[in-house]
Each structure stands twice: as structure tokens, then as C-alpha cells.
Amino acid sequence: MGYRSLSECVRDLQRTGQLLAIDAEVDPYLEVAAIQRRVYQAGGPALLFRRVRGTAFPVLGNLFGTLDRSRFLFRDTLDAVRRLVELKADPGAFGRNPWKYRGVPRTLWRLLPRRVGTGPILANRTRIGALPPIQCWPMDGGPFVTLPQVYTEDPDRPGLGKSNLGMYRVQLGGNAYEPDREIGLHYQIHRGIGVHHAAAIRRGEPLRVNVFVGGPPAMTVAAVMPLPEGLPELAFAGALGGRRIAMVAPEGALAMPAEADFVICGTVDPHRRKPEGPFGDHLGYYSLTHDFPVLRVDRVYHRDGAIWPFTSVGRPPQEDTSFGDLIHELTGPVIPSVIPGVRAVHAVDAAGVHPLLLAIASERYVPDAPERRPQEILTTANAILGQGQLSLAKYLWIVAHEDDPRLDIHDIPAFFTHVLRRVDWTNDLHFQTRTTIDTLDYSGHGLNQGSKVVIAAAGPSRRGLPTEIPPGLNLPDGFREPRIAMPGILVIQGPRYVDGNQDLNTFGRAFRPDDPIRAFPMIVIADDSDFAASDVRNFLWVTFTRSDPASDIEGIDSFVDRKHWGCRGPMVIDARIKPRHAPPLIDDPEVERGVDALAAPGGPLHGVY
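In C-alpha cells:
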């Protein structure tokens, strides 16, 4: 049976040697987050900070810091959830093997949240200023709740059944927020809360919002799960947590989990916004200050012995990588049933998750054609880009399963090699030039605005891929230091970017038909070619977080034919930092020296990282 509360979970981790309690006083300004990131990178334990400056509440970090620990937290229920997912993918499996699915009725019962008259969450009241003021990065606009569970109900159809629970950014202070009375609420345009907010605006009434912090770990995972329409996150939390979620609603208030550690209750005025941010985000950059809804705080509850969980996000991998790995394990089998023809989809963590998708799908159209080319996989690509969070992708690389049934979508070098051997740049680039992208991605031409490209490859191999820089490679003025990132991929250090991108256009026209650079199907222009080509992680991060397909893809010997853009030579991606981009996240050197000292002999973290 799963944990009833977060404190139950903490005791279990301590009993099994998976949690380190720290009694030394730590600073919530940068230090706590820097410690958590170090311990995460070392594959270390969960961390319970008992003395955090400026607050009476203990703070829990790195709870989901490894995939093994995440599996441990839900060891009693993972198989049951997998059975539900299997039946979603193949409903007929129950009839073929009812004994295997004998526990499904019990799991289905746990999907139903239950209302209770009271609960531990109602024991105490506090204020925003008493909560742990954790700030993760130097340029952050203030302290944030980094593991919030933001709960709303449909104003048109209130109740638990039409509720939404999402992990949306919550800024506790700073900027122009009125202390203890206002907090910031940042959500992206495709999220479920947006539907509820739109309904409240249409009705001309405030949107009631509760922000849960802590509680059973299943609630935190449920808040980030990409669930199908009609399945409330509360239901999934019940299945993953092994018990129906108990919800309590004080008179006149929105429902809240009886076992939560903290709940912030408030309302969002339909027409009121204030600047929120900046905030160090999962792409490895700051998301900048923009106007977002303001949550007017009515009350703040906490249970006896409340624990404040947190994480720190930044350039991947971070703790949210473990979330992604667990989600993939649970939801991977259902993807083919949601998008027919899809064999596998991989949102690449090292590229910031949303910028880069890889996919393998079936290519069965015209199987007797003398020359196979992408057809069915293009139809599939459009379906992928129409699915929930997958719609945020900028780059979708998709291949035909039939060309190599053994291809592993998680083997990044092998996948790129497969594509680059087969791709035809005159035919296989398909752009959406003015569309929505991730709110946190500043590579496009405005907030939420950018482009997408589908790179589809099918058929036999058409070229070999060079693995060495050819002799006699001449580059235009200002372009230098060529490096090999992967077979067939050349990274070149370019001059500092100047608005208008004229030097990229010049680069594309600079080579003769017999120039040796044409042996490389893909070229990336970077600010630092040594860094970008030094390993696969750096290549993925630089290339796909610092480019917008419509603005930054060029090609040698490019052309437009019937509004289709292609190139007869290599495709070129400009992955230099542009003036419109947000600054990358950089650790504070003084804080890092303090974190080093904590790990020195005799320090509370000696031997942990």
C-alpha cells in the first residue's frame, strides 16, 4: 500500500538508508538548491534540511533524484498502474488473460477520489512570508514553489470529476506582489488550467485556485503526468498512491487533499496580471519577466509536522529528468494506441525535452513503389504534433520502422546516423513557419511564437557519413574551428551573431559544387565549436535550444519550389546565441565554494558528492 502522507514517505526512506537528514543551518537563497543539484548529479540520497534560515519548516529535496528511488516510492502500485496502461493500449488483453489483470477492479476503485469532513491539512494556518523562501538561481525574480500542485475546477461544471491538477510555476514574492496577499501564477497556453481560466473569464468571475505542496508523493507525479482528456489527475494519483485520494472542502472553499502538507487558497481575477519571473528553467536558461495571472491569497493551511518539498530545475539532466523517465516507463506502451502507426516517441531530455522529438513509425503506403520515400510517416508526424505536450516540439525527426526494426530510439548517435544516411534535403524538410512553441523557449520570434520542422527519412541508405575533417576544407571569413560532433555532423565556430543573419546566408552560398564540406549532410554553426562538439549532451543542448527552424535553418545550394524549401547540399542550423534569447543559467561562484565546504572532511555532506 502506498504512503498516506509525505512524512510517512520520509520515515520509510530514512529507515531504508535513502535519506540524509542535515542539521546544519542552510540558506534558502541559492545554497539549498545548489546542494540539491550537486547531490542529484552524484546520484545521492533524498535530503531533509531541518534548519533552513528564515522559516520554521523543514525542507525536503531530491526526493525523486534517481529512477530507482522513484520506483521504490511506488513499488506496491507500479505493476497495477502498468496493467491499466496495457489495457488502454489493448482492451482485448483482459479477455485473453483475465488472471493477469485480476487486480484491475481494485485499481479502478482507487481512481475515485473521496470526500471527507476533515483532515490533517486543516490543523494550522500560516502566511506566505512564513513559507520556505527558496530561490534557486541568482537572477530569479524571487522565491518560487518548485513542486506545486495547482488545483482548479471547471467553472461551468464544478466538482472533482472535471478538476485539473498541474505543476505550474508559483512565485511567492518579489516583483510587485503585495507581501502575504499576492503570488504569481505562470502557466503555459496549452495547459488544462487555461481552459478553466478561459471559462472564468467568459463568466466574468474569479477563478478559485488551490496550490497544494507536499502530501502523498503520488500527487506530485500526477501533477506532471500527460493524462488523456477526461481522466482527472486526482484519479491517477489514487491508482499510483494505492488508495483513494481523500479531499476535504472547508465551508465555502475549494477542495484540497486531507493529507497535504500545505495548501494556499486564493482566487485569480479574470483581468488582472502582474510581471512574473525571471526564473531559471528546464531548458537551461532563464525564462524572462512577463505579465501572468495574480493569485489573491485568502488563506494558507498546513498540517502538524509539515514538510516543504522542493526541487531545482536547470540545464538537463536535473531531478525532473527522473520524472520524465518514470512517466515514459508508465505511458510508453499506450502511445501506439493513441497515435496509430507510431512505434516509439522520445522527447530528448538533453535538448530540454520540448525542443526535440525523435519518433519511429510505420511506412506502409505504396509498399511496392520503386523508390520508398516518406509518406505515411508524414501523416503520423502531423498526429504527433497534435498531441498535448508533444505539440510544443520544434524539431521532430521521424523514421520508418521498416528500414531498421532494431533501431533504438534512445541511442541518439545511432538514430542521427540512421536519418543522415537516408535523408533527402530536397524533399524531407517540412516546416510550420508561424505557430506556437513552449512559453519557456525564447528561440522564436515572440512569446509562445515560433516554428516547427519535421525531418522525415525513409528508404535505403543514400550516403556514407564522414567521421574526420577532410583536408583542404576552406571556410568563409569569420567561420573557423570545425569539429566533428557525430558521424556526418560538422560543428563550425561562427562570428558573433548580428541581427538579420546575413552571414548565415553568405555561408550557404560560399561553396563550390565539388567542395569537400558537401560530404557532411548536417552542419551546425555555434559560438563555441569545441564545447558543442565535445559530447552528445552538449551538441543536443546547443543545437536545439538555440535555434528556431524557420529563422535558423539554412542550406548550401538552397531553393524554393512551389513554396517548398530545400537544399541540394548540407542542411545548416545556426545555433549561435541571438539577442532575443534568454541568458543561460550560471552558478554563483561564492555559493559554490560554500557548497564545496559542506562536502569537506567533517562537513555534513562529506562523501555525498
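Those letters in the sequence shown? Residues 56 to 664, per our numbering, in order. Even glycine gets a Cβ: it sits at the ideal position worked out from N, Cα and C.
Original post:
Terminal residues of the continuous beta strand (DSSP E) containing Trp596?
Top reply: Careful: Trp596 lies outside any beta strand (DSSP E), inside the alpha helix (DSSP H) at Val591 to Thr600.
Original post:
Going along the chain, which residues of its own chain have a beta-carbon closer than 8 Å to the beta-carbon of Val352, five neighbours each way excluded?
Top reply: Ile183, Asp235, Arg236, Glu237, Ile238, Ile319, Cys320 and Gly321
Subject >> From Gly147, Pro203 and Arg106, residue whose alpha carbon lies closest to that of Val225 >> reply: Pro203
**OP:** Go ahead and label Trp596 buried or exposed: buried means 16 or more other beta carbons lie within 10 angstroms of its beta carbon, across all protein chains shown.
**Re:** buried
Original post:
Out of Ser60, Leu61 and Phe112, which has the shortest C-alpha to C-alpha gap to Glu80?
Top reply: Phe112
Original post:
Quick one: is Lys507 buried, meaning 16 or more other Cβ sit within 10 Å of its Cβ, or exposed?
Top reply: buried
Original post:
Buried or exposed: which applies to Trp12, given that a residue is buried once 16 or more other Cβ atoms fall within 10 Å of its Cβ?
Top reply: Residue 12 lies beyond the stretch modelled for the chain, which goes from 56 to 664, so this question has no answer here.
Subject >> DSSP state of Arg517 mapped onto helix, strand, coil >> reply: coil
Subject >> Nearest neighbour of Leu502, chosen from Ile492, Gly533 and Gly657 [CA to CA] >> reply: Ile492
Original post:
In the structure shown, what three-state DSSP assignment does Ser60 receive?
Top reply: coil
**OP:** Go ahead and label Leu286 buried or exposed: buried means 16 or more other beta carbons lie within 10 angstroms of its beta carbon, across all protein chains shown.
**Re:** exposed
**OP:** Could you pull out every residue in the same chain whose Cβ sits closer than 7 Å to the Cβ of Gly563, ignoring the five residues on either side in sequence?
**Re:** Glu609, Gly610, Ile611, Ser613 and Val627
Original post:
What are the residues that DSSP puts in a beta bridge with Cys320?
Top reply: Asn265 and Arg354
Original post:
Cβ of Pro348 within 7 Å of Cβ of Val368?
Top reply: no
Original post:
So what does DSSP say about Met311, is it helix, strand or coil?
Top reply: strand
Subject >> Leu118, DSSP secondary structure in three states >> reply: coil
**OP:** Please look up how many angstroms separate the CB atoms of Phe119 and Phe378, rounded, as I've assumed it's under 8 Å.
**Re:** 6 Å
Subject >> Inside the segment 62–89 only - beta strand (DSSP E) runs reaching at least 3 residues >> reply: 74–77
Original post:
From Arg138 to Pro388, what does the alpha carbon distance come to, in whole angstroms?
Top reply: 10 Å
Subject >> Secondary structure of Met274, DSSP reduced to three states >> reply: helix
**OP:** Name the residue from Pro639, Pro537, His337 and Pro429 whose alpha carbon lies nearest to the alpha carbon of Tyr420.
**Re:** Pro429
Original post:
What residues match up with Lys329 in a beta bridge as DSSP calls it?
Top reply: Phe347
Original post:
How long is the line joining the alpha carbons of Val546 and Ala436, rounded to whole angstroms?
Top reply: 27 Å
**OP:** Pull up the DSSP beta-bridge partners for Ala584, would you.
**Re:** As written in the sequence, residue 584 is Ser, which differs from the Ala given in the question. Answer is none; Ser584 lacks a bridge partner.
Original post:
In this structure, what does DSSP give as the bridge partners for Gln548?
Top reply: Arg535 and Ala581
Subject >> Nearest-angstrom Cβ-Cβ length linking Arg106 and Pro83, presumed shorter than 8 Å >> reply: The pair is not a contact, with the Cβ atoms about 11 Å apart (cut-off 8 Å).
Subject >> Spatial distance of Gly174 from Ala513 (CA atoms) >> reply: 58 Å
**OP:** Would you mind listing the alpha helix (DSSP H) stretches within the segment 153–219 that are 4+ residues and don't spill past its ends, in chain order?
**Re:** 159–165
Original post:
When the Cα atoms are used, what is the spatial distance from Pro515 to Val397?
Top reply: 20 Å
Subject >> Chain-order list of residues whose beta-carbon lies under 8 Å from that of His326 (same chain, five-residue window excluded) >> reply: Ile256
Original post:
Should Glu314 and Gly270 be called a contact, given that it needs their Cβ atoms to be closer than 7 Å?
Top reply: yes
**OP:** Give the secondary structure of Arg623 by DSSP, where H, G and I count as helix, E and B as strand, and everything else as coil.
**Re:** coil
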